[in-house]
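Enquirer: In my numbering, the protein residues as written are 2 to 438. Backbone N, C-alpha and C define an ideal beta-carbon position, used for all residues, glycine too. Can you read through this structure? Questions will come right after.
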Ligand SMILES: *Cc1c(COP(=O)(O)O)cnc(C)c1O
């Protein structure tokens, strides 16, 4: 980095009040190459040494001929790019085994953007029926206004996908495991079906597979390795890891980077450097430690829940009883290739009627909120604390019970997102809550 203004400036010619604006910023101290932890960059604008450099910077921005991960970029304005999120992006692309990554202010910014660049009016998306609520709302309430229609099907069965695809389909979108019920969708099988369809299509008509990998995190699964074209994440969850900052990312092929960057520039959903820095410094560096512990705990808790009479079923991809266990085993692998079935589980409380199931879920949650030290009643996941959610009495509480059942939401279903506590402490609290309902 340049340490001084070229030619030097005699600052004694200027008044103190002016000097206080310009200070002694351009000194040899302006060099961060020897920092062990990257400095937290906090500058919206960047000084351009000459108008030529400014012009070059604008030409470079989002220009595939210039884009290179290891070239010294010319920064202009934070919304276009700055060091903290650029460094985070390099690392996220690496951990997801992708060519390139673009960060966003939140997971929803990433999802809106990748779908925004992959579709235009008159085109279609095929999405899995169960999705994160805001993603469902985006596809249901907003994209139709730009004449982009979504067909929702159960993507566990690849025949449903083949039947739903039309000439206008451009995107297949799903989460695996999905929110909140932890359905696992076979990425490789989906890719095989899409490859057959894409074979006869031109470049602009090809279908892309976008996978929301938030629930698994790259520690448990890298969908690009199994055939996904793009991966999206809410960095707010397991990658950020501490529940202190929001963020999102799209990871995918380098040839799409320019369009995603240009879309981000104009949509404006940029990740703040102040949010990127902790994800880079604390989140990624502890991902392995945190997730390996969470997976172990989830597994043990799932096995415990399976033995309990109060419970009808436990959805945890690691359990042999789980109906998609074999598929999970094939694609949910940690960096060493060991089975890593995730840090969330979903279980259903028994009840004679749906109303009774819902009531038991409500009682479980309220008892936990008041009496369980290690269970926090809150949305989100991938936190240091274990978080519990009961869709029927929380996120979906406005929907009558019978309609919930029709939509595939178990009124007695409880989601647990593991934290970092000692698992035996957790099990003790869960046991007390079960006894109370
Ligand atoms: C939280 C979440 C999102 C949205 O992410 P934000 O950072 O809250 O915008 C998307 N998908 C899944 C699966 C999530 O859990």
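So which residues touch the region around ligand 1, with touch meaning a C-beta under 7 angstroms from any heavy atom?
Expert: Ordered along the chain, the selected set is 107, 108, 109, 110, 112, 133, 135, 136, 176, 180, 213, 215, 216, 235, 236, 237, 238, 247, 248, 249, 381 and 382.
Enquirer: Excluding the 5 residues preceding and the 5 following residue 363 in the sequence, name in chain order all residues of the same chain whose CB lies nearer than 6 angstroms to its CB.
Expert: Within the chain shown, the letter at position 362 stands for residue 363. So the qualifying residues of the chain are 394.
Enquirer: Answer with buried or exposed for residue 188, where buried requires no fewer than 16 other C-beta atoms within 10 angstroms of its C-beta.
Expert: Along the chain shown, one-based indexing puts residue 188 at 187. Answer is buried; the Cβ neighbour count reaches 16.
Enquirer: Who are the Cβ neighbours of residue 4 in its own chain at under 7 angstroms, not counting the five residues just before and after it?
Expert: By 1-based counting over the chain shown, the position of residue 4 is 3. With a pLDDT of only 39 at residue 4, under 50, the local geometry of the prediction cannot be trusted, and the value read off the model is given with reservation. If we look at residue 4 and ignore the five residues flanking it on each side, its Cβ neighbours are 27, 28, 29, 31 and 32.
Enquirer: Please classify residue 2: is it buried, with 16 or more other beta-carbons within 10 angstroms of its beta-carbon, or exposed?
Expert: As a first step, residue 2 is located in the chain shown; it is residue number 1 there, counting from the start. Residue placement at residue 2 cannot be trusted, given a pLDDT of 35 that sits under 50; the coordinates are not used to answer.
Enquirer: Report the rounded CA-to-CA distance for residue 396 versus residue 359, giving the unit in angstroms.
Expert: For this step, residue 396 is matched to residue 395 along the chain shown. For this step, residue 359 is matched to residue 358 along the chain shown. Distance between the alpha carbons of residue 396 and residue 359: 13 angstroms.
Enquirer: Report the rounded CA-to-CA distance for residue 109 versus residue 390, giving the unit in angstroms.
Expert: Working through the chain shown from its first residue, we reach residue 109 at position 108. Working through the chain shown from its first residue, we reach residue 390 at position 389. Going from the Cα of residue 109 to the Cα of residue 390 covers about 20 angstroms.
Enquirer: Could you give the residue range of the alpha helix (DSSP H) that holds residue 56?
Expert: Counting from one through the chain shown, the residue named residue 56 turns up at place 55. Run containing residue 56: 52-61, per the alpha helix (DSSP H) assignment.
Enquirer: Strictly by DSSP, which residues pair up with residue 129?
Expert: Within the chain shown, numbered from 1, the residue matching residue 129 stands at position 128. Partner(s): 154.
Enquirer: Excluding five sequence neighbours on each side, which residues of the same chain lie with their C-beta closer than 6 angstroms to the C-beta of residue 384?
Expert: Translated into positions along the chain shown, residue 384 becomes position 383. Closer than 6 angstroms at the Cβ level, and outside the excluded window around residue 384, lie 244 and 420.
Enquirer: Sort 381, 25, 21 and 17 by Cα distance to residue 9 and report the nearest one.
Expert: Reading the chain shown from its first residue, position 8 is the one you call residue 9. Comparing Cα-Cα distances from residue 9 to each of 381, 25, 21 and 17, the minimum goes to 25.
Enquirer: Near residue 43, what residues of its chain come up, given a Cβ to Cβ distance below 8 angstroms and the 5 sequence neighbours on each side ignored?
Expert: The residue given as residue 43 occupies position 42 in the chain shown. If we look at residue 43 and ignore the five residues flanking it on each side, its Cβ neighbours are 274 and 275.
Enquirer: Which runs of the alpha helix (DSSP H) at least 4 residues long sit entirely within the segment 208-268? Give them in chain order.
Expert: Runs of the alpha helix (DSSP H) inside the segment 208-268: 218-221 and 258-268.
Enquirer: Could you tell me if residue 203 is buried or exposed, where buried requires 16 or more neighbouring beta carbons within 10 angstroms of its beta carbon?
Expert: Counting from 1 along the chain shown, the entry for residue 203 is found at position 202. Flag for residue 203 reads exposed.
Enquirer: Under 7 angstroms between C-beta atoms, does residue 156 make it to chain D?
Expert: Absent from the structure: chain D. Only one protein chain is present.
Enquirer: Evaluate the contact criterion for the segment 298-318 versus the segment 242-258: three or more CB pairs, one atom per stretch, below 8 angstroms.
Expert: No, the segment 298-318 does not touch the segment 242-258.
Enquirer: Beta strand (DSSP E) containing residue 316: first to last residue?
Expert: Position 315 of the chain shown, counting from 1, holds the residue named residue 316. It spans 312-316 - the beta strand (DSSP E) in which residue 316 sits, taken as one unbroken run.
Enquirer: Would you mind stating whether residue 320 and residue 375 have Cβ atoms separated by less than 7 angstroms?
Expert: On the chain shown, position 319 is the one that residue 320 refers to. On the chain shown, position 374 is the one that residue 375 refers to. No, the pair does not count as a contact, with Cβ atoms beyond the cut-off.
Enquirer: Keeping to the same chain, check which residues put their C-beta closer than 7 angstroms to that of residue 247; ignore five residues upstream and five downstream.
Expert: The sequence position of residue 247 within the chain shown is 246, counting from 1. Cβ neighbours of residue 247 beyond the five flanking positions: 106, 107, 237 and 276.
Enquirer: Going by the beta-carbon positions, is the gap between residue 361 and residue 181 smaller than 7 angstroms?
Expert: Position 360 of the chain shown, counting from 1, holds the residue named residue 361. Position 180 of the chain shown, counting from 1, holds the residue named residue 181. No, the pair does not count as a contact, with Cβ atoms beyond the cut-off.
Enquirer: Give the range of the alpha helix (DSSP H) segment to which residue 365 is assigned.
Expert: As a first step, residue 365 must be located in the chain shown, where it is residue number 364. Counting along the chain, the alpha helix (DSSP H) containing residue 365 begins and ends at 355-372.
Enquirer: If distances are taken between C-alpha atoms only, which option among 214, 53, 287 and 262 comes closest to residue 183?
Expert: Here the question's residue 183 lines up with position 182 in the chain shown. Here the closest residue by C-alpha is 214.
Enquirer: Per DSSP, what are the beta-bridge partners of residue 378 in this structure?
Expert: Translated into the one-based positions of the chain shown, residue 378 becomes position 377. BP columns for residue 378 point to 389.
Enquirer: Between residue 315 and residue 346, how many whole angstroms is the CB-CB distance? I'm expecting something under 8 angstroms.
Expert: By one-based count along the chain shown, residue 315 stands at place 314. By one-based count along the chain shown, residue 346 stands at place 345. Rounded, the Cβ-Cβ distance is 6 angstroms, consistent with contact.
Enquirer: So residue 416 is in the alpha helix (DSSP H); what residue range does that whole segment cover?
Expert: Locating residue 416 in the chain shown gives position 415, counting from the first residue. Element bounds for residue 416: not the alpha helix (DSSP H) but the beta strand (DSSP E), 414-418.
Enquirer: Decide yes or no for the touch test of the segment 261-268 against the segment 123-134: beta carbon pairs closer than 8 angstroms, at least 3 of them.
Expert: Judged by Cβ distances under 8 angstroms, the segment 261-268 makes no contact with the segment 123-134, as fewer than three pairs qualify.
Enquirer: Helix, strand or coil, according to DSSP, for residue 195 in the structure here?
Expert: To locate residue 195, count along the chain shown from 1; it is residue 194. Residue 195: helix per DSSP, three-state reduction.
Enquirer: Which class does residue 27 belong to by DSSP, given the choice of helix, strand or coil?
Expert: In the chain shown, counting from the first residue as 1, residue 27 sits at position 26. Reduced to three states, the DSSP call for residue 27 is coil.
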